[in-house]
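Residue numbers (the working numbering): 840 to 989.
In structure tokens form, the structure reads like this:
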């Protein structure tokens with residue numbers, strides 16, 4: 840009877856461990872202001888400074904000085920041994936006019952995005968399988984001691 844209880848306990852324990860290992864895990868990255876916070880920003884009135892005070896500093900800014908503010912949040916799901924999958928992404932873009940006043944506020948989701956392939960271009964350095972030692976020894980004949988005395 841004692842062996843039977845131990846085997847049941849071991850089976851229940853292993854089932855709990857197995858089910859916990861296969862539970863989906865979620866990670867959240869970034870910050871996006873809520874609709875209530877965005878309603879406090881008035882288009883045509885608020886400036887860069889008041890936007891940062893009202894809804895916080897942005898996750899990213901525009902490339903140029905006059906660029907917009909971008910708030911980005913993503914949620915990634917990891918399930919067991921499978922590759923992590925992004926299940927949600929939100930982006931809030933606050934654009935400004937030339938005077939630094941809010942011109943528009945837009946919200947985008949994962950369904951609005953598209954995949955951008957990164958081009959992996961490699962610049963040729965001109966060396967083809969030439970080691971440092973070979974470069975040093977190859978320059979022995981090109982050395983002119985007279986050029987040091989001038």
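Just so it is clear, CB atoms sit at the ideal spot from N, CA and C, and this is done for glycine as well.
Residue i - DSSP class collapsed to helix/strand/coil
{"i": "residue 979", "result": "coil"}
{"i": "residue 950", "result": "helix"}
Residue i Cβ short of 7 Å to the ligand GDP heavy atom set
{"i": "residue 847", "result": "Annotation note on the ligand GDP: not contained in the displayed structure, which lists no ligands."}
Residues bridged to residue i (per DSSP)
{"i": "residue 973", "result": "The partner list for residue 973 (beta bridge, DSSP) is empty, contrary to what the question assumes."}
{"i": "residue 945", "result": "932"}
Whole-angstrom distance between residue j and residue i, CA atom to CA atom
{"i": "residue 846", "j": "residue 948", "result": "50 Å"}
{"i": "residue 893", "j": "residue 880", "result": "7 Å"}
{"i": "residue 929", "j": "residue 870", "result": "9 Å"}
{"i": "residue 895", "j": "residue 862", "result": "34 Å"}
{"i": "residue 854", "j": "residue 866", "result": "25 Å"}
{"i": "residue 876", "j": "residue 864", "result": "28 Å"}
{"i": "residue 923", "j": "residue 915", "result": "6 Å"}
{"i": "residue 889", "j": "residue 940", "result": "10 Å"}
{"i": "residue 885", "j": "residue 943", "result": "11 Å"}
{"i": "residue 897", "j": "residue 883", "result": "19 Å"}
{"i": "residue 850", "j": "residue 843", "result": "11 Å"}
{"i": "residue 977", "j": "residue 985", "result": "19 Å"}
{"i": "residue 972", "j": "residue 936", "result": "58 Å"}
{"i": "residue 934", "j": "residue 920", "result": "41 Å"}
{"i": "residue 899", "j": "residue 970", "result": "42 Å"}
{"i": "residue 852", "j": "residue 917", "result": "23 Å"}
{"i": "residue 925", "j": "residue 908", "result": "23 Å"}
{"i": "residue 887", "j": "residue 938", "result": "10 Å"}
*Just list the alpha helix (DSSP H) runs in the stretch 860-941, keeping only unbroken ones of 4 residues or longer that don't cross its boundaries, in chain order.*
874-878 and 887-894
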